[in-house]
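Asker: Got a structure for you, written out below as structure tokens; questions coming shortly.
Residue numbers (this note's numbering): 1334 to 1428.
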């Protein structure tokens, strides 16, 4: 998620104003981090039933987020110039 936040999201924001889809992607990251923190806490206190429920919620959110990002990227990559594609490639190679 840090990779996306430091490289992809800024590039997408330069392509156009922050869209609802990009705002949702950023919000998803916050939800996923919250679920990871909750899962870590639950594991530390051996709350197995709650861990299972939280893990299911985390997996569902990650799956939904993955699909959303694929749609977001497909939309922008089709519109991206060669310079933008090279910028994405450069940013990813530095991580």
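Glycine included, each C-beta is placed from N, C-alpha and C at the ideal position.
Keep in mind that this is a model prediction, so the values were computed, not measured.
Tell me whether the beta-carbon of residue 1344 lies closer than 9 Å to the beta-carbon of residue 1420.
Answerer: As a working note, residue 1344 is residue 11 in the chain shown. As a working note, residue 1420 is residue 87 in the chain shown. In this structure, residue 1420 lies closer than 9 Å to residue 1344 by Cβ.
Asker: Use the C-beta contact count for residue 1358: other C-beta atoms within 10 angstroms, 16 or more gives buried, fewer gives exposed.
Answerer: In the chain shown, counting from the first residue as 1, residue 1358 sits at position 25. Buried: at least 16 other Cβ atoms inside 10 Å.
Asker: Could you work out which residue in 1360, 1341, 1372, 1392 is closest to residue 1417 when comparing CA atoms only?
Answerer: To locate residue 1417, count along the chain shown from 1; it is residue 84. Nearest C-alpha to residue 1417: 1341.
Asker: Straight-line CA distance for residue 1339 to residue 1346?
Answerer: Stepping through the chain shown from its first residue, residue 1339 is reached at position 6. Stepping through the chain shown from its first residue, residue 1346 is reached at position 13. Roughly 12 Å between the two C-alpha positions.
Asker: Taking the C-alpha atoms as reference points, what is the distance between residue 1367 and residue 1398?
Answerer: Here the question's residue 1367 lines up with position 34 in the chain shown. Here the question's residue 1398 lines up with position 65 in the chain shown. Those two C-alpha atoms are separated by around 14 Å.
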